[in-house]
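Trainee: One structure, pasted below without further comment.
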Amino acid sequence: MAPQAKNGGALAYVGTGLERAIEELQQISHIPEEIQRLIPKVNRITAVMKDAEQKPISSHEVRHWLQESKQILLDAEDVFDELATDAAVQMMRAHTKSLIGFQNIVRFVSLFPAIPTMTRAMRRRLHEMNGRLDLLASQKPMLLQQMSTAPPVNCLPLTWRQTGSHLPDETSVIGRDREKEQIIEMLTQFDESSSNNNKGFSIVPIVGLGGVGKTTLAQLIFNDQIVKNHFELMMWVCVSNDVDCERVTKDMIEAALAFKGNYEECQVTSWDWMQRRLLREVEGKTFLLVLDDVWEAEHSTWEELFKPLHSGEKGSKVLVTARNMGFVAKLEGRIETPIFLEGLSHDDAWDVLKKYAFRGADGTTSAEYSDLEDLGRRIVQKLKGSPLAARTTGSLLNHELSKEHWQTVLGSECWKLELGQGNILPALLLSYQHLPPDLKQCFAYCSLFPKDYRFSKEEIGQLWEAQTFIRKDRGTRMETMGSKYFDELLHKSFFESKHDNGDYYVMHDLVHDLAEYVSSDHCFMLEDQKIGKIPDTVRHMSVTASYQIDIINKSCFHEKLRSFLFQTRYRLVVHLNTNDLDQLFQKLKMLRVLGLRHCGIRELPGSIGDLKHLRYIDLEWNHRLNNLPESLGNLYNLQVLNLNYCRSLRELPSTMSQLVNLRHLQAYYELVSNIDGVGKLTGLQELQVRGRQVRELEGMCMLRELKITNLEEVGSKEEAIQARLQGMERLQVLQLEWNGRWASSINQDSIKPELEGEVLQALQPNKGIRELHIEGYGGVRSPDWMEVSTLLSSFSSLRRVSLENCPNWQVPPCSFLSQLRHLEHLLIFRMPKWEEWSCPVSWDCIRQLTIRGCPKLKELPLLPRALRRLDLEEVGISCLQELGGCSRVEGGIETTSSPHSSPTSASLSTLDFTFCDDLTSISRLVQQQLPDLVEMEIRNCQNLVSLPEKGFGHLVSLKILKLAGCPKLTCLLPMQKEEKDALSQHLPCSLEELEIEECGDAMGGWWWAGLHRLTSMAKLSLCGCPTTAELLFLSLGRHHHPLHLPATLRELWIDGYNRFNHGQQSTTFSACSSHDQLSPPPPPPMIPHSNVDASARALRAFTSLKQLTILRSPNFLQKWGGWGLPSSLELLTIAGDDNLDHKCLSSCLHDLISLKELDLQKLENLRLLPNLSGLTSLATLSIKHCRSIHSLSSNGLPPSLQTLHICECPELTGRRKDKPKSTWHEVAQVPCVVIDSSKIQ
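The sequence shown: position 588 = 588 (my numbering), numbered continuously.
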């Protein structure tokens, strides 16, 4: 290793916090002599440290001297911060009874009195520090001479880009097309002769070095449409280096639930429960499980982990990414041919580097920088094909597109670092060394998080600020500066942006290795009980636990720790008692950051109030926390207090108003709104208060988000004026709410229209506001500040407006809203008296328009083409207007709605119309060119009679079309047989989901003839369309010209086909194989072609059907005769058939050799179970509410049966549920028997 390679990490600059502490200290009058002597010495050592940061250091003596200097500077910062805090607290107490004292406290300027009388211990610390500095100074000349000969390292200046955060382009992965196609083929092709396929699932490994792109390739495959269409269930789990069965299983369950749209956290009860739940999720399904970043584990671990997966369908796959093949020997027999992922070719690596190096270069391309190409290609040769290295190096080169800068990068000593030394890629170390000092310490601090940790920009920024890593910039909020720091690291590819139900970020494993490497002297991560040797220089520590551990009594904590972050894996809750915490706080007096999530804390000890330096407290997810000590108010420096999900906490300490530097308070609204003296918290950025507290808002000029509820508590206009919202120049988001104004339960007696109008007028916000929400306003007219005459000078920054539940607002501020040129989201809910919107709109940026509960509104203005989402519910319009300036299709010719506009397309992506009873046509809107329209849903529009005559074929991006509750709708699809080939002109080939419910004859007569042409169709649902359903059902059974469904179809739902009788019938089909063409077999001889027989053949045609539900269908099964049900069925539910007896049931079940689960419900005439011995795969049998059944099958239950559920079957169970299972010989061999929710033993 090059001897200077680690220099930047070991000597990470200490400057920002120390400089700020000295600046604040120097504002104090009458500084003691000891401190006056100390400050110049500190400044001289700091200057040497700054110089050393720019140079490679090879001398051990110099490095040792610099390390000692760093430690004493950190100690000095602690002392200066403590003295400044003591002075500020003394000043605050001196002004306790003065309003000015609470509302204008700042930590600098001449308000500071002299430093309080110093204790003997403090004087001793200062004396010792002076001596250490003198010793270091005596050694400095010789060491400076050694440093002076070293060339400087080029640290790039910290500059901000106006374009904001860089988001990786995940859709353009370079150089992996061949591997992608090969793996997709392995995943989707099913070889019956393969020995792996007889085991339920097989494993496809992707193996390669770190940073080679394994995860990116797996993501590309996981999101491929071919793969999505092939598998019934898809799960992604990041395993990392800890193959913990419980955590990975829990993540699998949550991934399976998320695949179905359920994003709730899985509530674990036991390991056995988790395995049974996972088995239930994968049972009978062809699944794809991605295990990303797998390391080695014991054979027994893998067997235990994979046990529930055996219940999956043959052809299921587990795609594994790993750095080596160490796990393969432990999974013999399941591994398919591994894909060894090599580095990118030289040309592909150059393409990646070029993409990042020339990013944002004013629209130019690399051709305009051809003189740099030779240098760039020579740099690529050093990257060894690593896409990660190409991205980070390209980001480094992007900072300056000059030959000098690129030559410096090419000639760096870092390239001499061999891959494998410290697991650090030379390209990553090079990029780190070119970071400005401020960013180096911010990046290094992130080593405290475990690998694969998901973090937000706000969380990281708050932690950086708590450690005073962020440099002050006059006039700029610290949060804004922190965001800029973060964006710079994101732009340089040290962070990666992810999107999974919200924005979050991660660090690549190799980038995390780099962070650990450069921070090893001052950051330490303790995992479980692997304590090891903790260096004395460590100032920041995190503890990551995957089970209950005792860390408090390990005595492993350095008393100078500034950060203590306790994190649990898998949301495990450990339990730290009050005594443990008290010991911790007694020892760690220098703490600035305290994180105790999921710690099962009931009460914080009072000793927390002695932590003078503490700036950040995170107590999130401590459900049992019910008390905070009054001493919390002593934490003068506290900036962040996170109490989210502390559900047992009922009140905050009465001393909360003393936290004058608090910037972020995250807690339930009820807690915050009951703070006494909340107006004294003048540093808060976000706040929720009640109307009775509105007078306390005066002076809270730092607020950026403000929510005022219960405005009915405001007694007068004068009271509202005292809030002085207009003077809050930083305010970005304002929510004003009068409570209890839901349209269905409005108490008109509680509304005071005149007073509420005056209050709203008095709560005029500042001119720079970006979001405005008004709810429950009972006034009749708009406030004066919403007049157009004041608009241009007052509200040009508004991006989002929401008006909700305003029962008396007859004329909402339409003129005001229409002129907001930068408005992006407009939401108007439940304004029953609104009748007219006639003024034209001037929106250039509008993305969403949502109007609900405005039945008297008859017309909308001409909407702009920038609109992305239009959502109308309970609106009185009869016809939708076109989008302004957009072309429409008329006889193949494009025309425009404006004679002065050239034809152009709109940006509309989503249309949603619900309960618009007066709506008769949407043709004028939909016949336009809408190339981005993805989803259209129309529900319960009773008078909608027409859709575009030529259908939706021109909507080339349409994926989801849902029509429901429109009984008068006609002519969606071709009506005549000769038009059957025109189906693709009426419905686009991009369509993936089509749902038609209760829409009369909307489907036409021959709609099904060209159904197979819809090559993207995955789901087809027909409900309450009897004629349409019959045509489909009977066509499936035709011997001549049978129906061919799309090969991509995964779900077919038919509800409401009542051909067999006049009663209600609901038949549901789901999970059709995407490989089955579903053309029916020829009929057996001697069977007449009646409707019943055709329907029977239709159902038998579904040769890959796995789930069938027959609800409330009397006489349906009796008609099957000898046809039976498809032998591929794995789950069958029959409910609500009062005529079904055991003979009929037997004839339907005799061939179901694949059936795994049988569910019988409310079958009143069923007295005896048929012979089930032929159901050789049956694992679960449920019999519910079958009151006449008195006996199970006389031939016994199949030996494969694992679970028997019986509920509300009194004739069958009788007194058996109170007796041992052994007394009931029919079920004695069934492992799990549950009767009326009680398991019998």
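Every residue gets a Cβ at the ideal spot worked out from N, C-alpha and C, and that includes glycine.
1) How is D1137 classed by DSSP in three states: helix, strand or coil?
2) Given this structure, state the Cα-to-Cα distance separating W160 from V294, to the nearest angstrom.
3) DSSP three-state label for L99, please.
4) Among T568, V640, K440, which residue has its Cα nearest to the Cα of G683?
5) Contact check, S497 vs R391 under 8 Å by CB: the rounded distance?
6) Which residues does DSSP pair with I35 in a beta bridge?
7) Would the beta-carbon of L257 fall within 8 Å of that of V282?
8) For the alpha helix (DSSP H) that S563 lies in, which residues bound it at each end?
9) In chain order, what residues of the same chain lie with their CB nearer than 7 Å to the CB of M186, ignoring the 5 residues before and after it?
10) Tell me which residue opens and which closes the beta strand (DSSP E) that S316 is part of.
11) Determine the DSSP secondary structure at Q67, reduced to helix, strand or coil.
12) Could you check how far apart the C-beta atoms of L1152 and L1125 are, in whole angstroms? I think they sit under 8 Å.
13) If we ignore side chains and look at the alpha-carbon of each, how far apart do N104 and C701 end up?
14) Leaving out five residues before and five after A723 in sequence, what residues of the same chain have Cβ atoms less than 6 Å from its Cβ?
15) Hey, quick one: how far does the alpha helix (DSSP H) through D374 stretch, first residue to last?
16) Which stretch, first to last residue, makes up the alpha helix (DSSP H) that contains H346?
17) Rounded to whole angstroms, how far is the Cβ of V593 from the Cβ of S563, which I believe are closer than 8 Å?
18) Under the three-state reduction of DSSP, which class applies to D509: helix, strand or coil?
19) The alpha helix (DSSP H) with D871 in it runs from where to where?
20) Between the C-alpha atoms of Q1161 and G691, what's the straight-line distance to the nearest angstrom?
21) Taking W271 as part of the alpha helix (DSSP H), name the residues at either end of that continuous run.
22) With H, G and I counted as helix, E and B as strand and the rest as coil, what does DSSP make of V409?
23) Let's see if you can read the secondary structure: which residues bound the beta strand (DSSP E) around S431?
24) Could you tell me the alpha carbon to alpha carbon distance between S1021 and D912, rounded to whole angstroms?
25) Can you list, in chain order, the residues of its chain whose CB lies under 6 Å from that of Q1229, leaving out five sequence neighbours each side?
26) Go ahead and pull the three-state DSSP assignment for R692.
27) So, for N968: in the same chain, excluding its five sequence neighbours on each side, which residues have a beta-carbon less than 8 Å away from its beta-carbon?
28) Flag this pair as yes or no: are the beta carbons of I45 and L74 separated by less than 8 Å?
29) How many angstroms separate the CA atom of E33 from the CA atom of D81?
30) Across the segment 238 to 255 and the segment 345 to 359, are there enough close Cβ pairs to call them in contact, namely three or more that are closer than 8 Å?
31) Using DSSP with H/G/I as helix, E/B as strand and the rest coil, what is M481?
32) Can you list, in chain order, the stretches of the beta strand (DSSP E) that have 3 or more residues and sit fully within the segment 1164 to 1226?
33) In the structure shown, what three-state DSSP assignment does Y645 receive?
34) In whole angstroms, what separates the C-alpha of D224 from that of S1127?
35) Please determine, among G475, D784, L849, Q658, the residue with the shortest C-alpha to C-alpha distance to R730.
36) With a threshold of 7 Å on Cβ separation, who are the neighbours of G461 within its own chain once the five nearest residues in sequence on each side are excluded?
Mentor: To lay it out plainly:
1) Coil, per DSSP.
2) Reliability of the predicted coordinates at W160 is poor, the pLDDT of 43 falling under 50, and the value obtained from them is presented with this limitation in mind. Cα to Cα, W160 sits roughly 38 Å from V294.
3) Residue confidence is low: L99 scores 45 on pLDDT, short of 50, so the model does not pin down where it sits. Its coordinate-derived value is still stated next. Annotated three-state conformation of L99 is helix, per DSSP.
4) Taking G683 as reference, the option from T568, V640, K440 with the minimal CA-CA separation is V640.
5) Their Cβ separation, rounded to whole angstroms, is 13 Å, which puts S497 and R391 out of contact at 8 Å.
6) In the DSSP output, where bridge partners are listed per residue, I35 has none listed.
7) With a cutoff of 8 Å on beta-carbon distance, L257 and V282 are scored as not near each other.
8) Premise fails: S563 lies in the beta strand (DSSP E), 563 to 568, not in any alpha helix (DSSP H).
9) Same-chain partners within the cutoff: V204, E336.
10) From DSSP, the beta strand (DSSP E) with S316 extends over 316 to 322.
11) Note: Q67 maps to helix in three-state DSSP.
12) Rounded to the nearest angstrom, the Cβ distance from L1152 to L1125 is 6 Å, consistent with a contact under 8 Å.
13) Note that N104 scores 49 on pLDDT, short of 50, meaning its location in the model is unreliable and no value can be drawn from it.
14) Within the same chain, A723 has close Cβ partners V694, L697.
15) From DSSP, the alpha helix (DSSP H) with D374 extends over 370 to 380.
16) In the DSSP assignment, H346 falls within the alpha helix (DSSP H) that extends over 346 to 357.
17) For a cut-off of 8 Å, the C-beta gap from V593 to S563 is around 4 Å, short enough to register as a contact.
18) Helix at D509.
19) Note, D871: premise wrong, no alpha helix (DSSP H); beta strand (DSSP E) at 869 to 875.
20) Going from the Cα of Q1161 to the Cα of G691 covers about 54 Å.
21) 271 to 282 is the span of the alpha helix (DSSP H), which, as asked, contains W271.
22) Correct three-state label for V409: helix.
23) Element bounds for S431: not the beta strand (DSSP E) but the alpha helix (DSSP H), 426 to 433.
24) For S1021 and D912, the distance between alpha carbons rounds to 18 Å.
25) Cβ neighbours of Q1229 beyond the five flanking positions: none.
26) Here R692 sits in helix by DSSP.
27) Residue identity differs from the one stated: residue 968 is Lys in this sequence, not Asn. Hits under 8 Å: Q942, N943, L944, V945, G1000.
28) Going by beta carbons, I45 and L74 fall outside the 8 Å limit.
29) Note on geometry: alpha-carbon atoms of E33 and D81 lie some 17 Å from one another.
30) No contact exists between the segment 238 to 255 and the segment 345 to 359.
31) It is helical.
32) Within the segment 1164 to 1226, the complete beta strand (DSSP E) segments at least 3 residues long are 1180 to 1184, 1203 to 1207, listed from N- to C-terminus.
33) Here DSSP, grouped into helix, strand and coil, assigns Y645 to coil.
34) Put simply, the backbone Cα of D224 is about 31 Å away from that of S1127.
35) Taking only the C-alpha atoms, the option nearest R730 is G475.
36) Only E479, G482, S483, F486 meet the Cβ criterion.
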